[in-house]
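Visitor: Before I ask anything, let me first share the structure, which is written out below as structure tokens.
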């Protein structure tokens with residue numbers, strides 16, 4: 328019995344050491360993947376060029392390895408989702424994002440880190456594309472949940488708010504009132520820092536009148552002009 332206790336302790340320490348090594352390898356792997364994705368995004372923005380398929384398959388394998396080593400780490404799953412969002416090319420022919428695979432990775436990221444606005448924004452982005460093709464598991468309710476959670480949890484994260492507002496306005500007619508209110512709350516938070524960003528999204532989605540109903544936006548010149556125009560139109564009629 329005296330020998331058994333030290334043996335158990337040794338085995339426990341050995342297991343902990345193995346886990347530590349696995350996490351260290353996963354951290355290093357994901358750091359490399361994120362670096363490649365960052366460079367690929369910059370290159371695509373500057374030149375329009377995308378990753379060749381062999382390079383893309385390489386980082387997919389690396390990110391998949393990382394999540395297999397630490398499946399409870401939501402950041403690793405988010406990196407894998409970013410890999411699937413990444414366009415690539417085969418023999419010069421462009422291949423778009425794999426939204427189904429990105430959805431699965433983003434869903435795993437949300438399960439691992441349910442309070443992360445970034446994870447929900449990634450899930451909302453994939454959900455929007457699948458919803459448009461009637462391929463989203465859970466349908467409209469799943470899309471609304473992702474948009475709402477991104478809007479609420481991303482209150483301090485500009486990119487997350489931008490995604491929630493963009494997807495919310497894009498799907499505005501089908502959203503429940505509660506989801507619309509969450510989107511307008513995101514408008515309020517982003518407008519405190521970046522009113523022009525809110526208007527840029529609204530212009531793109533043809534939803535300037537919608538965002539101008541939010542009190543945080545009414546003082547903006549564009550919203551004032553819109554209000555004056557509508558009031559003049561009402562008087563004329």
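Numbering (the working numbering), first residue to last: 328 to 564.
Ideal placement from N, C-alpha and C gives every residue a C-beta, glycine not left out.
A quick note: this is a predicted structure, and the numbers were derived from the prediction, not measured.
1) In the structure shown, what three-state DSSP assignment does residue 543 receive?
2) Mind reading off the beta-carbon distance from residue 556 to residue 522? Whole number of angstroms is fine, and I expect it under 8 Å.
3) Suppose contacts are defined by Cβ-Cβ distances below 8 Å. Is residue 543 in contact with residue 514 by that definition?
4) Counting along the chain, where does the beta strand (DSSP E) carrying residue 416 start and finish?
5) Would you decide whether residue 395 is buried or exposed? Buried here means 16 or more other CB atoms lie within 10 Å of its CB.
6) Under the three-state reduction of DSSP, which class applies to residue 420: helix, strand or coil?
7) For residue 507, is the beta carbon positioned less than 7 Å from some heavy atom of the ligand SAH?
8) Could you tell me whether the Cβ atoms of residue 457 and residue 426 are closer together than 8 Å?
9) Would you decide whether residue 450 is buried or exposed? Buried here means 16 or more other CB atoms lie within 10 Å of its CB.
10) Roughly how many angstroms separate the alpha carbons of residue 352 and residue 390, rounded to a whole number?
11) Using a 10 Å radius around the Cβ and a threshold of 16 neighbouring Cβ atoms, would you call residue 278 buried or exposed?
12) I'd like to confirm the pairing. Which residues does DSSP put opposite residue 379 in its beta bridges?
13) Apart from the five residues on each side of it in sequence, which residues of its chain come closer than 6 Å, Cβ to Cβ, to residue 364?
14) Beta-carbon separation of residue 415 and residue 378 under 8 Å?
Guide: This is what the structure holds:
1) coil
2) That belief does not hold up - the Cβ atoms of residue 556 and residue 522 are roughly 19 Å apart, past 8 Å.
3) yes
4) 415–417
5) exposed
6) strand
7) Judged by which ligands are present, the structure shown has none, so any question about the ligand SAH falls away.
8) yes
9) buried
10) 11 Å
11) There is simply no residue 278 to check, as the chain begins at 328 and stops at 564 in what is shown.
12) 416
13) 409
14) yes
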